[in-house]
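The numbering of the sequence shown is this note's numbering, which starts it at 291 and goes up by one. Working notes for the structure below.
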Amino acid sequence: VLAGCNLEEGGGPPGAKKGGGGGGDVDFGKIQAGQNPELAKLAEDWKPYDGEPVEISVWMYTPDERSLNAYKKAFEKKYSNIKLEYVIYPEESYITKINVALQAHNPPDVAIMEEKAWMKAGLVADLAPFYKAWGISVADFAPGGVGRFTLENGPKQGIFGVGDFLAGNIMVYNKGLFDEAGADYPPMDRSLEWPEYAELCRQVAQPNEDPTKAVYCGSAPDWGFGIYSKWLFGPDGRRVLGNLNSEEHIEAWNVGTALVRDKIAPGQILNTITEQDLFTQKGTAMAWTDFTFIQDYTAAGIDFGIVPSPVLTGSTSFVDTWTTSWGTFIESKQHHAALTFLQFIGTEAQRIRPKVSADPPLSIKVADQIDYGAGDPIKEEYLRVLEVGAKPQVFVPPMPEGAWEPAELYNKMTVQGETEAGPLLDAEAKKTQPILDRAWKDWEALA
């Protein structure tokens, strides 16, 4: 249990999604927006908080316990007049909890800024002037992480948070199982296209009607075919017609879901075990994973390699990257102390994080200074894969219920026996385009 944490439960809003949505029923116009004189003054004459003892609330979900405990220990030792109260909510209810607090004009002092509508509506403090005062630059940080705390036009619209680490969604493969099958290892210097990926998985897998005896290969989750939002919404995030139902996306769905139907890639067994645990138990030869789980694979004694995600035919290589975006609200009560903690996240925490977890710091500058990964073959491999494929996502505004959701199509193609995605994706694209158009109008009206 995290020191100083309160664990609270609650239900999420209908249709809430990771990274967006869940806030459509909030009237942001009734909540204070824009900068305030206190923040402007603090930025102009910045120095860390040195006043009377205070406690600041820090709201989050799914924390990395070792990192958060290390931050708390180091921060409270340096700033003995500031105590951190960590408050943890389930991910599915987190946005709702923040929205309720905003409507009550009582938001936490620091929070993970998971909903970009808060930023767009002017409810989140712009940290751009503080970055300069803290001696850091947005250019110091990896673009995939920066995208989590900036808006559709990037940092020029404001910097609404600071991240502490760079997470990556990568593929891992078991070299021993590939050797047993006499198959070539997947390349590290490029992403496999979905047809190549599917062919390789079929060479390595050992299907069995008894799922406990099968050795799967590959991962084909419903989100995997569109993990790069540019594929589905175009380079400006505004068009699904011709993208969601492109020949390349249809092909990925067809060959990927065939892996599940043919019991090459794990399907319903993932209702009882996570893909990461399946890989750790040598039940699958290749899996999609966060880099954070790498320590588990090493502890299990698996000789594994790291490669970029599979991509649509003709696409550049891709690895999805992100960070936790810590920020403070305009109506937060303890701005000075909260900003002192955010300064800590942007500076000292960058050096603490790689000591207590496998992840690199979000700061590329700090990663170079500490020579992150030097002498560690796995971390060095991870850095090479990030160099090959890490790209920021294209921004797409939160869409209401009724828009494209891959889960229903996935069920049709992996459980109900559908084998041709084309007509289904055509229908989804036609249905979703007007919803996306409306979402953009609503988004722009928030400013």
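Where a beta carbon is used, it is the ideal one built from N, C-alpha and C, also for glycine.
The Cβ atoms of S536 and V686 lie no closer than 7 Å to each other. With the rule of 3 Cβ pairs closer than 8 Å, the stretch 412-429 does not count as touching the stretch 465-477.
DSSP places W730 within a helical segment (H, G or I) once states are collapsed to three. Unbroken alpha helix (DSSP H) runs of no fewer than 4 residues, entirely contained in the stretch 622-673, are found at 625-636, 638-646 and 654-659, following chain order. Take the alpha-carbon of T570 and the one of D732: they are about 45 Å apart. In the displayed model, A577 falls within a strand according to three-state DSSP.
In this structure, S615 keeps its C-beta atom at 7 Å or more from the C-beta atom of F431.
With respect to W349, P398 sits close: the two C-beta atoms are nearer than 7 Å. Its Cα nearest to that of I372, the residue H625 stands out among G508, E483, F523 and H625. Within the same chain, no residue comes within 8 Å of E677 by CB-CB distance, once the 5 residues on both sides are set aside. Counted as a single uninterrupted DSSP element, the stretch harbouring T613 is not any alpha helix (DSSP H), since DSSP gives it neither H nor E. Rounded to whole angstroms, the Cβ separation of A364 and E638 is 6 Å, and the two are in contact under 8 Å.
DSSP places S347 inside the beta strand (DSSP E), whose first and last residues are V344 to Y351. In the DSSP assignment, E499 falls outside any alpha helix (DSSP H) and carries neither an H nor an E.
At a Cβ-Cβ threshold of 7 Å, A575 and V494 count as neighbours.
For G604, same chain residues with a beta-carbon under 8 Å away, outside a window of 5 residues either side, are E483 and E538 in chain order. Judged by DSSP secondary structure, L374 falls within the beta strand (DSSP E) whose first and last residues are I372 to Y379. Around the beta carbon of T562, fewer than 16 other beta carbons sit within 10 angstroms, so the residue counts as exposed. Under the DSSP definition of a beta bridge, N464 partners with F594. In the DSSP annotation of this structure, the continuous segment of the beta strand (DSSP E) that includes V400 starts and ends at V400 to I402. Note that the C-beta distance between V452 and I660 is not below 7 Å. For V550, the enclosing alpha helix (DSSP H) stretches over residues E537 to R551. For the pair R643 and D454, the CB atoms are nearer than the 7 Å cut-off.
Restricting attention to K553, N701, A457 and M478, the CA atom closest to the CA of D500 is found in K553. Here N396 carries a coil assignment [DSSP, helix/strand/coil].
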